[in-house]
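Novice: Here's a structure for you.
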Amino acid sequence: MRSRGTTHVSVIDAAGNAASATVSNGEGCGEIVPGTGMMLNNMLGEDDVNPPGPHAWPLDQRLASMMSPTAIVGDDGSLLVCGSGGSKRIRTAVLQVVSNVLDFGLPLPAAIAAPRIHVEDDHVSFEAGLSPAAAELLAGLFDRTTAWPGLNMFFGGVHTVQRAKDGRLSGFGDPRRDGVCLGGE
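The sequence shown runs 61 to 245 under this note's numbering.
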């Protein structure tokens, strides 16, 4: 079992209840709550959410997070539940999968497997699979470019379940982070 990092679980049960939970140890602090097996995180030490460092955080202020557990309920009763690990790339990964499903009508496997793009400051990163024209356009817009060869865990792992308007359930675990989908009665 890994002692660090972020993971996500998306659930819709037979009664239609849904949960989207992203949990993180960050780098882990090495402390386990007695009797629980739960490691405390050290998010104050994560430079992507707290650049000044753990000793510079103001008292009585909540720490922001990149985590974006998401549940979208459609007017027709449909439901899309997703989330991801991936530090600064969580929000862009979740947004791209949601857009692929809702805006482009892709089924979950295609929506999740589609090549991802992430922009941070003057740096664009993208996965293989973009058209050559799109890759060339992105490279021309940013000072720094990283083209990743294939799917990569750098771009998160958006684990997703969906209830269609007819009540049919489907799910897909992102292969970028060894995601799985389980279902049953």
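For glycine and all other residues, C-beta sits at the position ideal for the given N, C-alpha and C.
Kindly identify the DSSP beta-bridge partner or partners of A24.
Specialist: Residue 24 lies beyond the range of the chain shown here (61 to 245); nothing can be said about it.
Novice: Can you tell me where the alpha helix (DSSP H) with R151 in it begins and where it stops?
Specialist: 150-162
Novice: In angstroms, rounded to a whole number, what distance separates the CA positions of F215 and R236?
Specialist: 8 Å
Novice: Would you call the segment 120-133 in contact with the segment 187-195, where contact means no fewer than 3 C-beta pairs closer than 8 Å?
Specialist: no
Novice: So what does DSSP say about T242, is it helix, strand or coil?
Specialist: A small correction: the amino acid at residue 242 is Leu; Thr does not occupy that position in the sequence shown. Of the three classes helix, strand and coil, the one that applies to L242 here is coil, per DSSP.
Novice: Is it the case that the Cβ atoms of S128 and V154 are separated by a distance below 8 Å?
Specialist: yes
Novice: What is the residue span of the alpha helix (DSSP H) that A171 lies within?
Specialist: 168-173
Novice: What residues in its chain sit with their C-beta under 7 Å from that of H178, if we drop five residues either side in the sequence?
Specialist: R149, T152, S185, F215
Novice: Would you be able to state if there are at least three C-beta pairs under 8 Å between the segment 167-182 and the segment 102-119?
Specialist: The segment 102-119 is not in contact with the segment 167-182.
Novice: Taking P169 as the reference, which of D234, G210, D163 has the closest Cα?
Specialist: Of the candidates D234, G210, D163, the one whose C-alpha sits nearest the C-alpha of P169 is D234.
Novice: In or out: S159 buried (at least 16 other Cβ within 10 Å) or exposed?
Specialist: exposed
Novice: Run the CB neighbour count on R223, radius 10 Å, all protein chains shown included, and call it buried at 16 or more, exposed below.
Specialist: buried
Novice: Can you tell me whether E245 is buried or exposed, with buried defined as 16 or more other CB within 10 angstroms of its CB?
Specialist: Because the pLDDT of E245 is 48, which lies under 50, any placement of that residue in the model is unreliable, and the question is left without a value.
Novice: Between V71 and V221, which are expected to be in contact by the criterion C-beta below 8 Å, what is the C-beta distance as a whole number of angstroms?
Specialist: 7 Å
Novice: Could you give the first and the last residue of the continuous beta strand (DSSP E) run that contains E180?
Specialist: Run containing E180: 177-180, per the beta strand (DSSP E) assignment.
Novice: If I measure Cβ to Cβ from L104 and keep anything under 6 Å in the same chain, skipping five residues before and after, which residues do I get?
Specialist: N110, P114, W117
Novice: Where D163 and D120 are concerned, what is the direct C-alpha to C-alpha distance, given to the nearest angstrom?
Specialist: Answer to the nearest angstrom: the Cα atoms are 40 Å apart.
Novice: In the DSSP output, what is C142 paired with across the bridge?
Specialist: T130, T220
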